[in-house]
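All remarks here apply to the structure that follows.
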Amino acid sequence: MKCTHTCVEVEWKTILRKTTLSKPDRDSNLDLPVIGSLVYYECDALYHAATESTGGRVPQERWRRSRGRLSNKEPRPADGFLAKFSTAGSMEDESEGSCCWGHRLAVDPTLPFHYRWLLLVTLAVLYNLVFVIGRAVFWELNNAAPALWWTLDCSCDVIYILDTLIHAHEGYLEQGLMERDARKLRQHYLSSNKWRTDVLSLLPTDLAYLWWPPYQCSVKVPCPVIVRLNRLLRFPRMSQYFDKTETRTGYPNAFRICKVVLAILVLIHWNACFYFAISYVIGFGSDNWVYNLRGDKNSTLSRQYIYSFYWSTLTLTTIGETPQPENDAEYLFVVADFLAGVLIFATIVGNIGSMISNMNVARVDFQTRMDGVKQYMAFRRVSHELEARVIRWFAYTWANKQLKAEIAIHVHLETLRQVRIFQDCEPGLLEELVLKLRLQVFSPGDYICRKGDVGKEMYIVKRGRLIVVADDGRTVLATLGAGSVFGEVSVLDIAGNRTGNRRTANVRSLGYSDLFCLAKQDLWEALADYPEAKHSLMERGCQLLRKDGLLDEQAYKKAQSERESLTDKVERLEGTLDNLQTRFARLLAEYTSHQTKIKQRLTRVEHRSPQED
Numbered sequence: 001m002k003c004t005h006t007c008v009e010v011e012w013k014t015i016l017r018k019t020t021l022s023k024p025d026r027d028s029n030l031d032l033p034v035i036g037s038l039v040y041y042e043c044d045a046l047y048h049a050a051t052e053s054t055g056g057r058v059p060q061e062r063w064r065r066s067r068g069r070l071s072n073k074e075p076r077p078a079d080g081f082l083a084k085f086s087t088a089g090s091m092e093d094e095s096e097g098s099c100c101w102g103h104r105l106a107v108d109p110t111l112p113f114h115y116r117w118l119l120l121v122t123l124a125v126l127y128n129l130v131f132v133i134g135r136a137v138f139w140e141l142n143n144a145a146p147a148l149w150w151t152l153d154c155s156c157d158v159i160y161i162l163d164t165l166i167h168a169h170e171g172y173l174e175q176g177l178m179e180r181d182a183r184k185l186r187q188h189y190l191s192s193n194k195w196r197t198d199v200l201s202l203l204p205t206d207l208a209y210l211w212w213p214p215y216q217c218s219v220k221v222p223c224p225v226i227v228r229l230n231r232l233l234r235f236p237r238m239s240q241y242f243d244k245t246e247t248r249t250g251y252p253n254a255f256r257i258c259k260v261v262l263a264i265l266v267l268i269h270w271n272a273c274f275y276f277a278i279s280y281v282i283g284f285g286s287d288n289w290v291y292n293l294r295g296d297k298n299s300t301l302s303r304q305y306i307y308s309f310y311w312s313t314l315t316l317t318t319i320g321e322t323p324q325p326e327n328d329a330e331y332l333f334v335v336a337d338f339l340a341g342v343l344i345f346a347t348i349v350g351n352i353g354s355m356i357s358n359m360n361v362a363r364v365d366f367q368t369r370m371d372g373v374k375q376y377m378a379f380r381r382v383s384h385e386l387e388a389r390v391i392r393w394f395a396y397t398w399a400n401k402q403l404k405a406e407i408a409i410h411v412h413l414e415t416l417r418q419v420r421i422f423q424d425c426e427p428g429l430l431e432e433l434v435l436k437l438r439l440q441v442f443s444p445g446d447y448i449c450r451k452g453d454v455g456k457e458m459y460i461v462k463r464g465r466l467i468v469v470a471d472d473g474r475t476v477l478a479t480l481g482a483g484s485v486f487g488e489v490s491v492l493d494i495a496g497n498r499t500g501n502r503r504t505a506n507v508r509s510l511g512y513s514d515l516f517c518l519a520k521q522d523l524w525e526a527l528a529d530y531p532e533a534k535h536s537l538m539e540r541g542c543q544l545l546r547k548d549g550l551l552d553e554q555a556y557k558k559a560q561s562e563r564e565s566l567t568d569k570v571e572r573l574e575g576t577l578d579n580l581q582t583r584f585a586r587l588l589a590e591y592t593s594h595q596t597k598i599k600q601r602l603t604r605v606e607h608r609s610p611q612e613d
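Residue numbering for the sequence shown follows full-length UniProt numbering, beginning at 1 and increasing consecutively.
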């Protein structure tokens, strides 16, 4: 199908998509991209029926009548809960703005294809890393197989071009969901610095071959292959492959050792090439330090490279059993090599020490925890005073409870204030509720709640995306993002709630989502010490139910009157109990007084009896 025909078809489907929502057998807040199969089926039927009857042209009158029949239907009233989180409009606008080609081109970086492709790109980068500098310095290597080098260079360039296209359409996580829209992927790619290095690595520097042929090099004519050094700018893709391999392999320590050995070999190779190039500039055989080309053995490619590699190894490992430099350039080069050798030695020792530390995790567990705490506080922008207190106390208490509370309040207090029923609440109540928030992580496809479940928790979306689905589990009614709150009224247990404190929708996690959960029991335990805040929250919850038409006023008033009558009964019982306690105290005092008097009389009687006898 031609591109123009496809664009017209997409435009027709976009127009019909707007009008299909008004049909009475559809929800007004349905998420079009998810139920696209229904809309596209109807659009395709109308479009193909029109084009077949007119030989590929769509009759305008018939189209107007079809559009009028669809648009004259009265829409259903929107649901209050879904109206708060409906995103159909924004997704519709996004569909209108998408191009009519390549809108499904996206590469998931978590799939095996992407990992295997990175392996291919890594091989191309490694080829350029080794042979560009090698062919530029050792002219006999470049002249040995011109056809092979030309084929490999072109193959690497083709891989680079394809990798640029794949790199521009790599998916990325946004709120826990893999982004696959081609337009957003390209915008994300262009907004980063990746496209600059990709473009620079593809610059056609090989055009210099037109004036400087690469296959006529000799001791008197240097090789122009050095112009391909821009191909090394694709090195970040090689690092990305190594990082992925380190997480996928079952032997990460062995892989790290191999990676360090490879880096050392590449450095020695480059240093050997630099040594041979400096010998070329100074003059072969001009002194004892530079390479000497005299003799049949010294003029061969194998002897040239092996001796240069040997000299580079001795220098970088700081062994130093090499000829003494004789001029300033040679001295400077040797000094730079010795410094690089020290760094390489430090790298080797550091990597070995790191692997030993990883094998003994228990020894470094405390320091790892301390580093994690510091990074967390820096990320959350905790005040310096509080950070200093945490660091001082962490070694002794491993996170004091009071310090935990202060950190939680500092980080999550603003999140709790976003909930409508908690706005303008007492700071003491909010601080106590913050400590009761529990973070829960949901995987893709997990249900947070189902329709009809008793609401025992309220949820605050910290990160990720949730969808409200119908009973069939496929039709999307609304989308919830970061900062959204649901279930806040159910935890108040308001009498007269028409839903009976049960969930009215099915909420499912679309990607990986982080939610804060507040249980009903925890809320009521906190409200026990704040009676005024409790009354305020109940009133605010009733206002929300009235706004959505979910409050039965008669049942609410009846419950209030029963609660008031119960309060009166309790007060009367308390008054009666006070009276009984007062009377009991009086009777007890009278009993004690009479008992004392009787004892005194008995004592006097006992004293009189012996005297009478």
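Yeah, the Cβ is synthetic: ideal placement off N, Cα and C, and Gly gets one too.
Fair warning: this is a prediction, and the values are worked out from it, not measured in the lab.
Start-to-end residues for the beta strand (DSSP E) that takes in residue i
i, result
"Lys462", "457 to 463"
"Gln216", "Run containing Gln216: none; DSSP gives neither H nor E here."
"Cys154", "Premise fails: Cys154 lies in the alpha helix (DSSP H), 146 to 168, not in any beta strand (DSSP E)."
"Glu179", "177 to 179"
"Glu174", "172 to 174"
Inter-residue Cα distance where the pair is residue i and residue j
i, j, result
"Ser155", "Phe309", "28 Å"
"Gln521", "Met458", "11 Å"
"Ala106", "Asn193", "19 Å"
"residue 614", "Leu527", "Residue 614 lies beyond the stretch modelled for the chain, which goes from 1 to 613, so this question has no answer here."
"Ile391", "Met370", "8 Å"
"Asn128", "Tyr280", "22 Å"
"Trp211", "Phe379", "55 Å"
"Leu492", "His384", "38 Å"
"Glu488", "Val419", "8 Å"
"Thr603", "Arg572", "46 Å"
"residue 617", "Ile348", "Since the first residue of the chain shown is 1 and the last is 613, residue 617 is not available in this structure."
"Glu414", "Ala408", "11 Å"
"Arg234", "Glu387", "41 Å"
"Phe338", "Ile264", "14 Å"
"Met377", "His410", "10 Å"
"Gly575", "Phe584", "14 Å"
"Ala495", "Gln423", "22 Å"
"His169", "Tyr512", "21 Å"
"Val517", "Leu118", "Correcting the residue type first, residue 517 is Cys in the shown sequence and not Val. Rounded to whole angstroms, Cys517 to Leu118 spans 40 Å at the Cα level."
"Lys451", "Val485", "17 Å"
For residue i, three-class secondary structure by DSSP
i, result
"Phe138", "coil"
"Ser513", "strand"
"Gln521", "helix"
"Ile319", "coil"
"Tyr376", "helix"
"Glu326", "coil"
"Gln367", "helix"
"Arg381", "coil"
"Ile467", "strand"
"residue 623", "The shown model of the chain, from 1 to 613, leaves out residue 623, and the question about it has no answer."
"residue 614", "Limits of the chain in this structure are 1 at one end and 613 at the other, which puts residue 614 out of reach."
"Ala495", "coil"
"Val290", "coil"
"Val489", "coil"
"Ala478", "strand"
"Leu551", "strand"
Cβ-Cβ separation, residue j to residue i (assumed contact under 8 Å), whole Å
i, j, result
"Ala482", "Val468", "16 Å between Cβ atoms; not a contact."
"Glu179", "Tyr189", "About 11 Å; that fails the 8 Å criterion."
"Arg237", "Val121", "5 Å"
"Arg508", "Asp446", "7 Å"
"Ala136", "Ile268", "In fact, because the Cβ distance is near 17 Å, the residues do not count as touching under 8 Å."
Neighbour-count burial assignment, residue i, 16 or more Cβ in a 10 Å radius
i, result
"Ser490", "buried"
"Tyr251", "exposed"
"His607", "exposed"
"Asn579", "exposed"
"Phe131", "buried"
"Val199", "exposed"
"Arg57", "Confidence at Arg57 is low in this model, with a pLDDT of 46, below 50, so its placement is unreliable and no value can be given for it."
"Cys449", "buried"
N-terminal and C-terminal residue of the alpha helix (DSSP H) that residue i is part of
i, result
"Val266", "252 to 282"
"Gln187", "182 to 191"
"Tyr209", "Run containing Tyr209: none; DSSP gives neither H nor E here."
"Arg438", "Careful: Arg438 lies outside any alpha helix (DSSP H), inside the beta strand (DSSP E) at 438 to 442."
beta-carbon residue i near the ligand MN non-hydrogen atom, thresh 7 Å
i, result
"Val225", "No copy of the ligand MN occurs in the structure displayed, which carries no ligand at all."
CB contact below 8 Å: residue i versus chain B
i, result
"Glu170", "Included in the structure is just one protein chain, with no chain B present."
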